[in-house]
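**Q** One structure coming up, written as structure tokens, with questions to follow.
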Amino acid sequence: MPASRKLSVLVADDVWGVRESITAALRAEGHEVVSVEDGRQAADALAARSFDALVCDLWMPGIGGVQVLRSAAKQRPGMRLVAMTGGGPGMTLEGATSLAEAWGAEKVFLKPFDERELVAFLEAIT
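Written out as structure tokens, the structure reads:
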């Protein structure tokens, strides 16, 4: 059953399969999704328009997810921020979670996770 309120969500992840599965799960519930593959594209999308929520991988080439979260928190106050990570170079999962939360992420999903849980979380907070 589609959600009662259609959300606009920006999904940023450099892994195609992760992006596509999250995008498909959100669209199946009637939400609008813009999907990008890196931090530069996420920054450009955030500069171009507003979204209800950002779902952002923390480890992406170029502009990383933490930088995207920090920028989004400043540019788009009120937008809901969610991070996801499977870990990355030079930082523990706990450290990544703390950093993401410090920059406004309301939740950090640890990969792999069930996309339906992410969708339910977004629908509950927006």
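Just so we're aligned, residue 11 is where the sequence shown starts under my numbering, counting upward by one.
Just so it is clear, CB atoms sit at the ideal spot from N, CA and C, and this is done for glycine as well.
(1) Return the CA-CA distance between Leu9 and Gln51, expressed in angstroms with no decimal places.
(2) Does Leu120 pass the burial test, meaning 16 or more other C-beta atoms within 10 Å, or should it be called exposed?
(3) Roughly how many angstroms separate the alpha carbons of Asp54 and Gln85, rounded to a whole number?
(4) Inspect the CB distances between the segment 103 to 116 and the segment 13 to 29 and report whether three or more fall short of 8 Å.
(5) In whole angstroms, what is the alpha-carbon distance linking Ala82 and Gly75?
(6) For the alpha helix (DSSP H) that Ser108 lies in, which residues bound it at each end?
(7) Measure from the alpha carbon of Thr102 to the alpha carbon of each residue in Leu68, Arg126 and Met89, then state which is nearest.
(8) Helix, strand or coil for Asp62? Go by DSSP, reduced to three states.
**A** Let me spell this out:
(1) Residue 9 lies beyond the residue range present for the chain, which begins at 11 and ends at 136; the question has no answer from this structure.
(2) For the purposes of this step, residue 120 is identified with residue 110 of the sequence shown, where counting begins at 1. Exposed, since its Cβ has fewer than 16 Cβ neighbours within 10 Å.
(3) In the sequence shown, the residue the question calls residue 54 occupies position 44. In the sequence shown, the residue the question calls residue 85 occupies position 75. So the alpha carbons of these two residues sit roughly 12 Å apart.
(4) no
(5) Counting from one through the sequence shown, the residue named residue 82 turns up at place 72. Counting from one through the sequence shown, the residue named residue 75 turns up at place 65. Roughly 10 Å between the two C-alpha positions.
(6) Counted from its first residue, the sequence shown places residue 108 at position 98. Residues Leu103 to Ala112.
(7) Position 92 of the sequence shown holds residue 102. That would be Leu68, whose Cα lies nearest to the Cα of Thr102.
(8) Numbered from its first residue, the sequence shown carries residue 62 at position 52. Three-state result, Asp62: coil.
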